[in-house]
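Numbering-wise, the sequence shown is residues 1 to 1059 according to the UniProt record's numbering. Each residue gets a CB set at the ideal place from its N, CA and C atoms; glycine is no exception. As the structure is a computational prediction, the values presented were derived from the model and not from experiment. In what follows, a single structure is set out as structure tokens and then discussed.
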Amino acid sequence: MSLPPLTIIPAGAGSGKTYTIQTRLATWVRERKISPDKIVAVTFTEAAASELRDRIRAELVRQGRLEDALGLDRAYISTIHSFGLRILTEFAFDAGYNPLPRLLTEDEQGVLIRLALAATDKAEAIMGDLNRFGYAWDFSSGKGAEDKFRERVLQVIRRLRTLGPAAVNPQLAQWSADLVRQHYGPVEDAEKLAAALQKAVTDLLQQFPEDLSVVASTSGVARRLAEDHRQLRRACHAEELRQNWGLWNRLRTLQQSTPHNALPEAYDQLTEAVTAAAEGLLRHPGPLEEALLHGSALYGAAQDSLTRFANGKADRGLVDYTDMLALALEILERNPAVLDTLQERVDCLVIDEFQDTNPLQFALLWSLARAGIPTLIVGDLKQAIMGFQDADSRLLAELQKQNSAAVTPLTSNWRSHPGLLDWINQLGAGLFGADYTPLQAKADFPTALGPLELVEFSARSRNDLRAEHTVARIKVLLDDPETRVWDKELKKARPIRGGDIAILCPTNKRLELYAEALRQLGVRVRMEAGGWFESRIVQIAWHALSYVADPLDRHAALYLGVTELGTETLPSAFGTLIREEELRDPLLAKLKPLRAACDEQLPASLLAETIAALNLYGLIADWPDGEQARANLLRFEEEAREFAAANRDALAASGFYGSDVKTFLAWIKDRAERENGQPDPRVRDEDAVQLMTWHSSKGREWPVVAVCAADSDIKCLLPDVRVNYRDFSDLDKILDNARLDFYPEFVAPEKTELFRQQLWPEAIDSARRLLYVALTRAREKVILEWPVYLDNGRERKSFSYFEQLLQDTGLKVDGNRIVTGGKAFDCRIIQVGKDRHPLFEAAGTGTTHSLPVWGRRAIRPQPLPEGLIPETIRPSGLGLELEVSAADLDVAGYADCLNIDFDLPANERGTVLHRCYEVMDGRHDLETIRMAVRHPFSPEEFNLLQKRVIAFNDWLKAHFQPVSLQYELPVLALNRQGSVVTGFIDLLVETEDGFWIIDHKSDQIEDRVARFAEHLPQLLCYRQALATIYPDKEVLGVCLNWITYGETMSLRLGEDQGG
1 MSLPPLTIIP
11 AGAGSGKTYT
21 IQTRLATWVR
31 ERKISPDKIV
41 AVTFTEAAAS
51 ELRDRIRAEL
61 VRQGRLEDAL
71 GLDRAYISTI
81 HSFGLRILTE
91 FAFDAGYNPL
101 PRLLTEDEQG
111 VLIRLALAAT
121 DKAEAIMGDL
131 NRFGYAWDFS
141 SGKGAEDKFR
151 ERVLQVIRRL
161 RTLGPAAVNP
171 QLAQWSADLV
181 RQHYGPVEDA
191 EKLAAALQKA
201 VTDLLQQFPE
211 DLSVVASTSG
221 VARRLAEDHR
231 QLRRACHAEE
241 LRQNWGLWNR
251 LRTLQQSTPH
261 NALPEAYDQL
271 TEAVTAAAEG
281 LLRHPGPLEE
291 ALLHGSALYG
301 AAQDSLTRFA
311 NGKADRGLVD
321 YTDMLALALE
331 ILERNPAVLD
341 TLQERVDCLV
351 IDEFQDTNPL
361 QFALLWSLAR
371 AGIPTLIVGD
381 LKQAIMGFQD
391 ADSRLLAELQ
401 KQNSAAVTPL
411 TSNWRSHPGL
421 LDWINQLGAG
431 LFGADYTPLQ
441 AKADFPTALG
451 PLELVEFSAR
461 SRNDLRAEHT
471 VARIKVLLDD
481 PETRVWDKEL
491 KKARPIRGGD
501 IAILCPTNKR
511 LELYAEALRQ
521 LGVRVRMEAG
531 GWFESRIVQI
541 AWHALSYVAD
551 PLDRHAALYL
561 GVTELGTETL
571 PSAFGTLIRE
581 EELRDPLLAK
591 LKPLRAACDE
601 QLPASLLAET
611 IAALNLYGLI
621 ADWPDGEQAR
631 ANLLRFEEEA
641 REFAAANRDA
651 LAASGFYGSD
661 VKTFLAWIKD
671 RAERENGQPD
681 PRVRDEDAVQ
691 LMTWHSSKGR
701 EWPVVAVCAA
711 DSDIKCLLPD
721 VRVNYRDFSD
731 LDKILDNARL
741 DFYPEFVAPE
751 KTELFRQQLW
761 PEAIDSARRL
771 LYVALTRARE
781 KVILEWPVYL
791 DNGRERKSFS
801 YFEQLLQDTG
811 LKVDGNRIVT
821 GGKAFDCRII
831 QVGKDRHPLF
841 EAAGTGTTHS
851 LPVWGRRAIR
861 PQPLPEGLIP
871 ETIRPSGLGL
881 ELEVSAADLD
891 VAGYADCLNI
901 DFDLPANERG
911 TVLHRCYEVM
921 DGRHDLETIR
931 MAVRHPFSPE
941 EFNLLQKRVI
951 AFNDWLKAHF
961 QPVSLQYELP
971 VLALNRQGSV
981 VTGFIDLLVE
991 TEDGFWIIDH
1001 KSDQIEDRVA
1011 RFAEHLPQLL
1021 CYRQALATIY
1031 PDKEVLGVCL
1041 NWITYGETMS
1051 LRLGEDQGG
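In structure tokens form, the structure reads like this:
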């Protein structure tokens, strides 16, 4: 009996897909349906290929088929790229290709791509004004407009390459342009629209030639009117209306009368006419033409660079991973005899994780299946989360749809305990509906852990505080000797360890908060981290090797001399260098003998001798992070060995000539810019809690999993490019029907939304799959953060993973149970508020170290003698607290609670809000504020914050009647004790009678009176400093502006409150 031509196995989480593959292949071998040496199995990672080979071999051995197990060594079980390379090398002569192509290195690839991008002139039409097309300086990454544009072109190149030979099809740009026109909607005559707007503006300015800010009753409206007038003046110039779409959009929102600010009726009528004319922006062809020009430049630059890149590789006889697939597919399509040969050589084709294929990979593998090679496909659409790497799960979905008779899903789950799996099945049905196959529990191990826990956050607080509450619960589990988990290897229960627990978040940025909280409680952490080259031990070794290579390197000598290894201080070392004398630190004397052999030894040998001369491994033995430092130093040595083994031609092509130490030092610095992750300090750390992103957790499992940060927003950002298909009916011609579509961003939010809505369903599907992956990693217990404050019935402009989960599954809490799909599950509920967890209050005090964290061993932390007067004081760091009662405070509200989640750490959020209160005065437009505050506000956020700041300024004016206002006032003064006081006063209000000190606070806390008492010493310290600066005018009081709550607390000071 022959094998079926196609078998598709949808394999849900924990359903045993690898076991299914190994047993099915072993059965086919035993039944003589296939020969072990004629198996081709394709995976997407080397680790997965190795595991699959080992497990198939083990299964054959278990069945007593030793010869077949040995024959498996001749089978081809590899990654898809290695499979493509095999076809390319074995059949090169048939197609006229080089039979021994060399894989280009990352260095070569980077150089060739940069050269190709530099040579193309297809983007000249927009390069002169990139800011007009949305490319501006990025404050967070430090990248300029050209860098951002280059990244966008590289994204288009990467997506184009997944289309194989269709990548250079000139029609792609035209198809994309047609789609942009279709979604943009109808347009009208540009000249008529501009003339209508200019006439409306002229009519208004003729009747009201001056701005009306003088007639406004409130300062906010006055500023708004002044800014409106400035924009109206700009609109008088025809050139501005010809391409300044930001100005058009601004004129859609002119200030009119309010209940407290009555403006002339004629002014309101004329502004309505301007606003109506400015609405013509939505029908103007100008933004559409710019979007089309933008898309044309991207496609032109990408396709031209791609051609140049291909020519550069061909000239050098190089291929990259994508070439392995594209050229293999070309050989199969052009040479039917090759397919005939493969049919004879291959008994079956096995493809794992098929949902992660891109169009090019699909076309290559499907060409083998349609040629008649029996094919076994294993995948799971519910775990298709690799779209950011250009995988396209729609291909598997369509394949299953067209071959429904070949689909046999797995129905068992071998991972999760039955009590937990029942809940997961309910979630799966909610997330995926009829497409979800319920799994039957096969894991029969006992467990004493309750399957579900919720950490319920009743109110919004800082991300780090919420992380502390979840971590505190994990700490309790680890410290409880009664907490036991089932050990799969030992087949028995044992006490829980850190390695049994995983914390999963959508982003690494959120994971860092949990890592820091765990470290504060003394819990080991295992998490991918960057900053390898910048780590202290690598910097010491790098500078030491630099000094050995060049003893005249004064910077290297200076760096080494002032570390804990040296004897210099910065003043003494600088003094020596200023006198143009040589540093003679004993540390440097240890390195000088190595210089003699520098020109003769390879960098790897010299680095080893340098490390030994300074005893660096001994040095780091006592460091608090000594294990990580050791791993970093070992990687440095491994990099040196890799440099020695590198192809010299490849290095030269990358701009690194020679194999000497100086070349190595430059090479490793360049390499670290691309690969700067710190290696794991231990191969296996059973006591370290694992922290991973939801994406990275796929394929992993732990006894206990905390699914965190589901309050993160689902992202659908524009501009973007996506692969689409004109026709799915013929999978044999999928590349011929593929297209790459451009989704631009516009100034008018309504137009941007039209294009975002085209991508939003895909973003929601991806969110569902990510949630499923994260929630199915646990064997015994799931701890789920429950941000109940998001489920408050209020409409929000963003949409989070948590809200998506609730919308799809109907999850709700009912007492000590969680209900979904009409079924209730017992659940431990931990309710928390905004305050810090008590464990962390204790963790922040009384910390001692047996050895210094850094520096010379002789320096030990000791308590300071009492009565010392500090040389300098920063008021914000006083750490004192005074008693304040609510009756002493004058509390006033000026705005509602702020409902904007910037998804920033607390300190960055505070900085953004502080800057808003400093620069937002109603006179600056959105782009100006974005530049000033260094944050990419949306128009809605900008309008909300501007109204808030204007309301605060109105309160300020009414309450204090200020003579002057000084923002971010630097303070440098001596206090009464002789200490230098340094800091910044957020806002100093001067009145006729004296000063008021105002401090902006972005804290999110319920008991603001108690927090006022904590901040009062800082404000009194500023008061004392101001008394020395302005002896003739007293500080009347202090005030805290609680930004988040739109509330001020003022305290009038008496003579006895001197600070």
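key: Given residue 441 as reference, the closest of 447, 420 and 451 once Cα atoms are compared   = 420
task = Count the other C-beta atoms from every protein chain shown that fall within 10 angstroms of the C-beta of residue 271, then say buried if there are 16 or more, exposed otherwise.
result = buried
message = Using the Cβ count rule (16 or more neighbours within 10 Å means buried), how would you classify residue 936?
response = exposed
key: Rounded separation between residue 679 and residue 435 - CA only   = 40 Å
ask   = From residue 311 to residue 318, what does the alpha carbon distance come to, in whole angstroms?
value = 10 Å
request  = Pick out whichever of 196, 289, 770 and 20 has its Cα sitting closest to the Cα of residue 378.
outcome  = 20
key: Length of the line joining the Cα atoms of residue 694 and residue 520   = 24 Å
inquiry  = Could you compute how far the alpha carbon of residue 1012 sits from the alpha carbon of residue 757?
reply    = 45 Å
task = Note down, in chain order, each residue of its chain lying with its Cβ closer than 6 Å to the Cβ of residue 945, except the 5 sequence neighbours on either side.
result = 916
request  = Could you say which of 51, 257, 456 and 417 lies nearest to residue 783 if we only look at CA atoms?
outcome  = 456
request  = Tell me residue 1052's beta-bridge partners as DSSP assigns them.
outcome  = 1037
inquiry  = What does the alpha-carbon distance come out to for the pair residue 588 and residue 577?
reply    = 15 Å
message = Within 8 Å, do at least three Cβ pairs link the segment 236-245 to the segment 177-186?
response = no
Backbone CA spacing between residue 885 and residue 1008 [nearest angstrom] = 11 Å
ask   = Can you name the residues that DSSP bridges to residue 340?
value = Bridge partners of residue 340: none, in fact.
message = Using DSSP's beta-bridge definition, name the partner residues of residue 692.
response = 504
inquiry  = Tell me the DSSP secondary structure of residue 483 in three-state form.
reply    = coil
Cβ-Cβ distance between residue 346 and residue 662 below 8 Å = no
request  = Report the rounded CA-to-CA distance for residue 195 versus residue 300, giving the unit in angstroms.
outcome  = 34 Å
query = So what's residue 331 in DSSP terms, helix, strand or just coil?
reply = helix
query = So residue 967 is in the beta strand (DSSP E); what residue range does that whole segment cover?
reply = 964-974
request  = Sort 563, 190, 646 and 761 by Cα distance to residue 804 and report the nearest one.
outcome  = 761
request  = Look at residue 913 and residue 1002 and say whether their C-beta atoms are less than 8 Å apart.
outcome  = yes
ask   = Is it buried or exposed for residue 858, if we count other Cβ within 10 angstroms and need 16 for buried?
value = Since pLDDT at residue 858 reaches only 42, below the 50 mark, its modelled position is unreliable, and the value read off the structure follows with that caveat. Exposed.
inquiry  = Please give me, in chain order, every unbroken run of the alpha helix (DSSP H) with length at least 4 that falls completely inside the segment 505-533.
reply    = 508-520
key: Same chain, Cβ closer than 7 Å to residue 738, neighbours up to 5 away in sequence not counted   = 163, 166, 359, 723 and 725
task = Look up residue 1042 in the DSSP assignment and give the residues it is bridged to.
result = 1001 and 1047
key: Inter-residue spacing [alpha-carbon to alpha-carbon] between residue 386 and residue 9   = 19 Å
inquiry  = With three or more C-beta pairs closer than 8 Å as the rule, is the segment 511-527 touching the segment 642-659?
reply    = no
request  = Would you tell me roughly how many angstroms separate the C-alpha atoms of residue 660 and residue 315, rounded to the nearest one?
outcome  = 28 Å
query = In this structure, does DSSP put residue 143 in helix, strand or coil?
reply = strand
query = Quick one: Cα of residue 262 to Cα of residue 227, how far?
reply = 18 Å
ask   = Among residues of its own chain, excluding the 5 on either side of residue 126, which ones have a beta-carbon nearer than 7 Å to its beta-carbon?
value = 133, 293, 294 and 297
key: Three or more C-beta pairs below 8 Å linking the segment 387-397 and the segment 413-428   = no
ask   = What runs of the alpha helix (DSSP H), each 4 residues or longer, lie entirely inside the segment 217-288?
value = 219-234, 238-243, 245-250 and 265-278
task = Go ahead and pull the three-state DSSP assignment for residue 45.
result = coil
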